[in-house]
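Undergrad:
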Amino acid sequence: MRAPAGRTGQKVTVALVDRDGNTVVTLRGDGAGPQSYESAQRKAYTAVSWNAPTSELAGRPARTPNPKDIPGTLFLAGGAPVAVKGAPVAGIGLAGAPTGDLDERFAAAGVAALSR
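In the numbering used here, each number is its position in the sequence shown, counted from 1, plus 12.
Structure (structure tokens):
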């Protein structure tokens with residue numbers, strides 16, 4: 013079975029980070045852009061750091077300039093936290109799809125797969 017991004021023909025990179033934001037694995041699909049590698053890692057880090065999908069966090073830097081100054085964060089849609097009993101244990105970041113909404117939909121599919 014192919015992952016949702018692959019089934020739709022998207023050329024993406026997916027990253028998984030642990031609770032401390034350390035990269036556990038990064039998978040770069042054939043044809044994924046060079047920027048997608050770092051973007052996926054930073055989205056995953058941001059999601060686990062704030063225990064929230066990055067699409068929900070995207071507006072925060074405009075309202076509060078401090079979060080965008082934290083190294084390694086990226087406030088663009090495409091990151092999703094993995095939580096157990098409400099506590100973040102990991103983050104999944106995805107980058108390279110044509111829109112952040114798609115990136116985040118695929119990241120959420122990864123969270124769902126890990127929750128099974």
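The C-beta atom is built at its ideal place from N, Cα and C for all residues, glycine as well. Since the model is a prediction, treat every value here as computed from it, not as a measurement.
Buried or exposed: Gly84, going by 16 or more other Cβ atoms within 10 Å of its Cβ?
TA: exposed
Undergrad: Beta-carbon within less than 7 Å of Leu126's beta-carbon, same chain only, minus the 5 sequence neighbours each way: which residues are those?
TA: Val94
Undergrad: Taking only three categories from DSSP, how would you classify Thr58?
TA: helix
Undergrad: Which one of Thr35, Thr25, Phe87 has the shortest CA to CA distance from Pro46?
TA: In this structure, Thr25 is the residue among Thr35, Thr25, Phe87 with its C-alpha nearest to the C-alpha of Pro46.
Undergrad: Contact defined as beta carbons within less than 8 Å: I believe Ala109 pairs with Gln22. What is the distance between those atoms, to the nearest angstrom?
TA: 5 Å
Undergrad: Starting from Arg40, follow its DSSP beta bridges and name the residues at the other end.
TA: Thr25
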